[in-house]
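Report on the following structure.
In the numbering used here, the protein residues as written are 42 to 220.
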């Protein structure tokens, strides 16, 4: 998987370099932002909620279209797309899915707009409670993507923290079970 991810990373870098060349000397931005949520479940109960299938249990607008495999599963190497509503489809690659160690990571590309990394690390806080640290790194691929990168600020992180924590805890309270 590391070889595949390395090739993917190089592919994104090549696309970004090509698009930067088209943009001339325009500056493209990159920003990283993190937030931590407290969840009412064990690491093994909580981590699957960050996978592409189980996210639908707490994010009502989540509607991935799976490419590989077409039936949709939660494992490394899954490829899917989403349409967030602003007309720019996103291509997702699940690069890490490790329930036992509480790690989920994605690479997300919106062609000619942004490339993103999402890293989630879930750690125990007590026997039936854990914390999840979610880190986004967003990179503009063209100057048009700079405004999207700029949204990744402390205000955005606090809104996400509240939403994710509330929604995932509600899903856990409904008796979610891990895969």
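Idealized CB from N, CA, C, for every residue including glycine. Quick caveat: nothing in here was measured; it's all calculated off a predicted structure.
Are residue 76 and residue 175 touching if we call contact CB-CB under 9 Å? Against the chain shown, residue 76 aligns to sequence position 35. Against the chain shown, residue 175 aligns to sequence position 134. Yes, they are a contact pair.
Can you give the beta carbon distance from residue 142 to residue 69, rounded, assuming they're within the 8 Å contact cut? Here residue 142 refers to the residue found at position 101 of the chain shown. Here residue 69 refers to the residue found at position 28 of the chain shown. Contact between residue 142 and residue 69 does not hold, since their C-beta atoms are separated by about 34 Å, which reaches or exceeds 8 Å.
Can you tell me where the alpha helix (DSSP H) with residue 117 in it begins and where it stops? If you number the chain shown from 1, residue 117 lands on position 76. From DSSP, residue 117 is part of no alpha helix (DSSP H); its letter is neither H nor E.
Look up residue 208 in the DSSP assignment and say whether it is helix, strand or coil. For the purposes of this step, residue 208 is identified with residue 167 of the chain shown, where counting begins at 1. Three-state result, residue 208: helix.
For residue 213, the three-state DSSP class (helix, strand or coil): Locating residue 213 in the chain shown gives position 172, counting from the first residue. Shown here, residue 213 sits in a helix according to DSSP, grouped into three states.
Give the secondary structure of residue 157 by DSSP, where H, G and I count as helix, E and B as strand, and everything else as coil. As a first step, residue 157 must be located in the chain shown, where it is residue number 116. Residue 157 falls in the strand class under three-state DSSP.
Residue interval of the beta strand (DSSP E) (run including residue 85): Sequence index remark: in the chain shown, residue 85 carries index 44 (1-based). Residue 85 -> not in any beta strand (DSSP E); alpha helix (DSSP H) instead, spanning 84-87.
Measuring only the C-alpha atoms, how far is residue 98 from residue 169? Taking the first residue of the chain shown as 1, we reach residue 98 at position 57. Taking the first residue of the chain shown as 1, we reach residue 169 at position 128. Rounded to the nearest angstrom, the two C-alpha atoms are 20 Å apart.
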